[in-house]
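The UniProt record's numbering puts the first residue of the sequence shown at 157, with every later residue one more than the last. Ideal Cβ positions, reconstructed from N, Cα and C, are used throughout, including at glycine. The structure presented is a predicted model; accordingly, all values stated were derived computationally and were not measured. Single-structure report; data block below.
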Amino acid sequence: ALQQISDIAKSRYVRVNTLKFNLESALHELGKQNTLISAKYVVHKDDMVPDLLLLPHAVDLHKHPLVRNGSVFMQGKASSMAAVALQPEPGWEVLDACAAPGNKTVHLAALMRGKGKIIACELNKERIQRLNDTVKLAGAVNVEVLHEDFLNLNPKDPSYSKVRAILLDPSCSGSGTAAVRLDHLLPSHGAGNADVANIDRLRKLQAFQKKALAHALSFPAVERVVYSTCSIHQIENEDVIKAILPLAQSLGFQLATPFPKWPRRGLPVLEGSEHLLRFDPDEDKEGFFISLFVRKSIIGSDAE
Ligand code: SAM
């Protein structure tokens with residue numbers, strides 16, 4: 157069990173930070189780093205997510221120079237898919253609603269090639285420092301860190317009138333991450349504790365998740381919203397979408413299909429569940445959920 161837990165620090169994926177480094181150089185550098193990755197193996201590009209590299213086996217890269225200098229980030233495939241699903245364009249204004257520690261914030265910055273503006277909102281004071289560090293390490297110059305409750309941002313405030321895309325990756329149970337799934341194996345926990353369904357906590361998380369998603373959809377110029385969690389629970393995933401979908405539709409949004417070639421979709425508990433994307437802990441080594449709401453561009457039709 158302890159071996160399994162220590163394996164969590166290891167990663168099979170790295171995302172190349174294209175603000176600082178390029179894919180071919182990263183392939184070359186990681187391939188030759190034979191103290192950490194056996195040289196007889198080849199590092200591959202992921203077949204779906206641009207700038208994501210698949211290592212031959214899980215390794216702990218924390219001390220790798222490319223990780224330390226922000227050229228590459230240790231970031232899983234599912235987590236990397238969230239920012240890509242949002243498809244922010246260079247020059248857009250984008251809001252990362254629950255941003256710390258900032259892995260997806262700086263991924264958004266890279267996808268926008270450093271052009272435009274990202275407002276990275278984070279409520280937790282201690283985590284703001286992590287967020288600032290990540291932004292600095294990544295060399296993301298177009299990020300404005302905001303220490304605020306996302307629910308307190310006023311969508312009518314002119315500061316947000318040009319926000320065209322929102323990434324909402326809110327606090328969740330984390331039940332899709334290896335650390336939480338293996339929690340019950342730690343010596344301090346009695347086996348089975350983790351599955352005392354903790355339904356009360358999940359309901360509280362869900363209440364926040366629903367509020368935050370409804371809030372994200374209420375920004376006047378927003379045309380793309382990604383809602384993602386690292387939870388495996390229907391209550392934090394499909395149930396949130398199902399509850400908010402009528403409001404979303406009344407505001408002109410529809411569910412769109414991120415990564416249509418990805419085989420695992422939402423649980424069939426709502427109409428349109430095939431649009432939703434899931435990672436399964438058994439099949440994919442992690443649990444994750446991504447949904448994408450899209451409406452026709454308001455800025456595009458009015459002003460361009
Ligand atoms: N997107 C981040 C990343 O990829 O690095 C991970 C985000 S983490 C799942 C959720 C974050 O939301 C936490 O840092 C938490 O402190 C923050 N948070 C929770 N409630 C919030 C709120 N009301 N407003 C803003 N941030 C909030």
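Counting along the chain, V262 sits inside no beta strand (DSSP E); it lies in the alpha helix (DSSP H) bounded by residues 259-267.
DSSP lists L302 as the bridge partner or partners of C277.
The Cβ atoms of L208 and V172 lie closer than 9 Å to each other. Taking the Cα of L358 as reference, the smallest distance to any Cα among H389, A335, F177, K367 is reached at H389. In this structure, the ligand SAM has a non-hydrogen atom nearer than 8 Å to the beta-carbon of G258. Taking I397 as the centre and dropping the five residues before and after it, the same chain places the C-beta of S447 closer than 6 Å to its C-beta, in chain order. Taking F409 as reference, the option from R451, P212, F375, D436 with the minimal CA-CA separation is R451. With a cutoff of 9 Å on beta-carbon distance, L307 and H371 are scored as near each other. With fewer than 16 neighbouring CB atoms inside 10 Å of its own CB, S374 falls in the exposed class. Approximately 6 Å separates the beta-carbon atoms of V205 and V240; this is inside 8 Å, confirming the contact. Going by beta carbons, A296 and A266 fall inside the 9 Å limit. Per the C-alpha coordinates, the member of N393, E379, L401, D440 positioned closest to L423 is N393.
DSSP places P212 inside the beta strand (DSSP E), whose first and last residues are 208-215. Beyond the five residues adjoining it in sequence on each side, A404 comes within less than 6 Å, by CB distance, of L373, F449 in the same chain, given in chain order.
With a contact defined as Cβ atoms closer than 8 Å, A238 and V262 miss out at about 13 Å. In the three-state reduction of the DSSP assignment, I388 falls in the coil class. Exclusion of L407 from the 8 Å shell around the ligand SAM follows from its C-beta lying no nearer than that to any non-hydrogen atom of the ligand. For L287, same chain residues with a beta-carbon under 8 Å away, outside a window of 5 residues either side, are A255, A256, P257, G258, T261, A276, E278, V301 in chain order.
With respect to the 9 Å criterion, E249 and G272 are classified as neighbours on the basis of their beta carbons. Contact between A321 and L242 is confirmed by a C-beta separation of about 5 Å, below the 8 Å threshold. Per DSSP, D252 is one residue of the beta strand (DSSP E) stretching across 249-252.
Counting only residues of its own chain and dropping the five nearest sequence neighbours on each side, V223 has a CB closer than 8 Å to the CB of V170, L217, F229, M230. With a cutoff of 8 Å, F449 does not count as near the ligand SAM, since its C-beta is closer than that to no heavy atom of the ligand.
Linking S317 to P311 through their CA atoms gives a straight-line distance of about 7 Å. Boundaries of the alpha helix (DSSP H) harbouring Q365: 355-373, taken from the DSSP string.
Taking a contact as a CB-CB distance under 8 Å, the pair S384 and F445 counts as one, their CB atoms being some 6 Å apart.
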